[in-house]
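Notes for the one structure printed next.
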Amino acid sequence: MDSLSSAATIFPGSGDDITGQIGLIWEQTKAPLIVPLLKVLVVLCLGMSTMLFIERVYMGIVIVLLKVFGRKPEKKYKWEPMKDDIELGNSSYPIVLVQIPMYNEKEVYQLSIGAACGLSWPSDRIVIQVLDDSTDPTIKDLVEVECQRWASKGINIKYEIRDNRNGYKAGALKEGMKHSYVKRCDFVAIFDADFQPEPDFLWRTIPFLVHNPEIGLVQARWKFVNADECMMTRMQEMSLDYHFKVEQEVGSATYAFFGFNGTAGVWRISALNEAGGWKDRTTVEDMDLAVRASLKGWKFVYVGDLKVKNELPSTFKAYRYQQHRWSCGPANLFKKMVKDIFKTKKVTLWKKLYVIYSFFFVRKIVAHIVTFVFYCIIMPATVLVPEVEVPKWGAVYIPSIITLLNAVGTPRSLHLMVFWILFENVMSLHRTKATFIGLLEAGRVNEWVVTEKLGDALKTKAGSKAIRKPRLKIGERLHLLELGVGAYLFFCACYDLAFGKNHYFIYLFLQSIAFFIAGVGYIGTIVPNAQ
């Protein structure tokens, strides 16, 4: 039975004339246009899936070898603990600048400033610099008072503001480097406003930079303090654990290159300056700096067993904005820098290919596009066009292996794997959209929305006597793109159940429900309104 003529059987109530006209148009266009086009798209998607599969297997093999041979960065590079010099005293220690950029961070500013001021290092060889871009005067006053409180305890802390937010975070960091006292500093550690480094952070990172002049960056791993807050934060933990436990480890061990995470890292200031400093041309100023520094020949070290506490976005709105920035920015940076990467003469051909193909093309572009286009658009479409088939290895085996390789980074959440797949497919809609915006430099290419941090706000409100349901406007809760894709998947599932032979309907029903749940905003933490 023809798919479009069967629609009336599944969803009765539409006019016979309209259904007949649609069915006629479908029949006339299917064989000469739709079938060939769908076959081409299937081949392209299978090709991208294979690329992603090879990349995941390669990284899996490297990680296994690293674990078997115990190849830690302390063994690869010279690392010796910093020791006191009786003659030179504290002057034998390098001067470290600690930058904390923040913007209206009412819930977490005390945590980050307190953690930075608690870093163990000779007091006359460290400068804490709070870069406050807050637009709320009340929050601004609170941050300034907090800095004064620590200054009264003898901490060398500087409270810096500017009269605009040009360049957002990159602009603030760039402005912070212009102050006269920074010229005395050798290294700069950067922590976002929700990050809380342990006191020994500098003792564990600075020796890499002191004893290895070729190293420009030391990056630590993130530890999520609110991973158990809700299902959405558990899903994020699974994705980010793979990034930190696999992608960053592999990049550091093989090519001494990976993307700077924008926080929880220490830069050699001379490397930062040689690379051209901070630039605000994309929404991933951290990755931009890392690529430019790498092209100058600087090496990076990732210390996976050094963890810094931080907070995951726990509201769906905040997470969507974050994922837009993290997907749009790399695609836009790839477009801007691919020629420069090819032209550079300071790095090997293999490293160039690694950066262009593995780091950018496969992980930042192909991974997003194939997840949404193949599994949420093309495969469901083959249900309606039985003339086009997806081979079992492409529909089942490859995605299953990729999923398992991704999920092993978080063993405690393996039982949530099905939910993670459904959630990642939903988010791939936004990542794919953002990727194309970045490649085409469309409207929201430079949109920067600071990720909302809740800190202890949720606990405070949850501890109140009564929690009322939040009053949210319908427009704030409904997401039409998710609802549209959910409806499409639901229709395909119904057709497959009634007339199809692919047996995709179980997956399609589950995936459509996931899109519907996201579409009505029933995901993540909903913070009660203050009453």
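The opening position of the sequence shown corresponds to residue 1 in our numbering, with each subsequent residue numbered one higher.
Built from N, CA and C at the ideal position, the CB exists for glycine as well.
- prompt: Which same chain residues, not among the five before or five after GLY118, have their C-beta less than 8 Å away from its C-beta?
  reply: PRO199
message: Can you tell me whether ARG162 is helix, strand or coil according to DSSP?
response: coil
Where the alpha helix (DSSP H) through VAL355 begins and ends: Run containing VAL355: none; DSSP gives neither H nor E here.
message: Using only the alpha-carbon positions, how far apart do ASN156 and ALA116 sit?
response: 11 Å
- prompt: In terms of residues, what are the limits of the beta strand (DSSP E) holding LEU217?
  reply: 215 to 224
- prompt: If you follow the beta strand (DSSP E) that GLY304 is part of, which residue opens it and which one closes it?
  reply: 299 to 310
query: Roughly how far, in whole angstroms, is the beta-carbon of PRO380 from the beta-carbon of CYS492, given that I think they are within contact range, below 8 Å?
result: 4 Å
- request: Return the CA-CA distance between PHE208 and ILE378, expressed in angstroms with no decimal places.
  value: 48 Å
query: Can you list, in chain order, the residues of its chain whose CB lies under 8 Å from that of TYR109, leaving out five sequence neighbours each side?
result: MET102, ILE139, LEU142, VAL143, GLU146 and ALA193
query: MET177 by DSSP, collapsed to three states: which one?
result: coil
- request: Please determine if the region 262 to 275 and the region 225 to 238 are in contact, where contact requires at least 3 C-beta pairs separated by less than 8 Å.
  value: no
- prompt: So what does DSSP say about GLY262, is it helix, strand or coil?
  reply: coil
field: the region 216 to 235 in contact with the region 414 to 434 per 3-pair CB rule at 8 Å
entry: yes
- prompt: Quick one, are the C-beta atoms of HIS271 and TRP298 less than 7 Å apart?
  reply: For the sequence presented, residue 271 should be read as Ala rather than His. Yes, these two residues count as a Cβ contact at 7 Å.
query: When the Cα of LYS296 is compared with those of VAL347, ASP124 and ARG320, which residue comes out closest?
result: VAL347
task: Return the residue from the list TRP267, GLY176 and ALA227 that minimises the CA-CA distance to THR205.
output: TRP267
- request: List the DSSP bridge partners of PHE187.
  value: VAL96 and ARG268
task: With a 10 Å radius around its C-beta and 16 neighbouring C-beta atoms as the bar for buried, classify PRO94 as buried or exposed.
output: buried
- request: Out of GLY484, GLY524 and LEU349, state which residue places its alpha-carbon closest to the alpha-carbon of PHE516.
  value: GLY484
query: Is it right to say ILE523 is buried, meaning 16 or more other beta carbons lie within 10 angstroms of its own, or is it exposed?
result: buried
N- and C-terminal bounds of the beta strand (DSSP E) containing VAL250: That residue, VAL250, is in no beta strand (DSSP E); its alpha helix (DSSP H) goes 248 to 254.
task: Taking LYS335 and LEU439 to be in contact with their CB atoms under 8 Å, please state how far apart those CB atoms are, rounded to whole angstroms.
output: 6 Å
- prompt: Is the beta carbon of ARG431 sitting closer than 7 Å to the one on GLN511?
  reply: no
query: Which stretch, first to last residue, makes up the beta strand (DSSP E) that contains ILE128?
result: 126 to 132
- request: Answer yes or no: do PHE436 and CYS45 have a C-beta to C-beta separation smaller than 7 Å?
  value: no
field: Cβ-based burial, GLN21 [other Cβ within 10 Å; buried from 16]
entry: exposed
message: Just to confirm, is the Cβ distance from GLU229 to SER314 under 7 Å?
response: yes
query: Would the beta-carbon of VAL426 fall within 7 Å of that of ALA514?
result: yes
- prompt: Closest by CA to LEU480, which one among TYR397, PHE316, GLY519 and VAL188?
  reply: GLY519
- prompt: Hey, is the region 171 to 180 in contact with the region 40 to 55, meaning 3+ C-beta pairs nearer than 8 Å?
  reply: no
- request: Quick one: grab the DSSP three-state call for ALA530.
  value: With a pLDDT of 40 at ALA530, under the threshold of 50, the modelled position of that residue is not reliable, and the figure given next carries that caveat. ALA530 falls in the coil class under three-state DSSP.
task: Helix, strand or coil for THR382, going by three-state DSSP, please let me know.
output: helix
query: Going by the beta-carbon positions, is the gap between VAL366 and LEU38 smaller than 7 Å?
result: no
- prompt: How do the region 245 to 254 and the region 60 to 80 stand: do at least 3 beta-carbon pairs fall below 8 Å, yes or no?
  reply: yes
- prompt: Between the Cα of ASN104 and the Cα atoms of GLY329, ASP133, TRP393 and HIS503, which residue gives the shortest distance?
  reply: ASP133
- prompt: Quick one, are the C-beta atoms of ARG221 and LYS307 less than 7 Å apart?
  reply: yes
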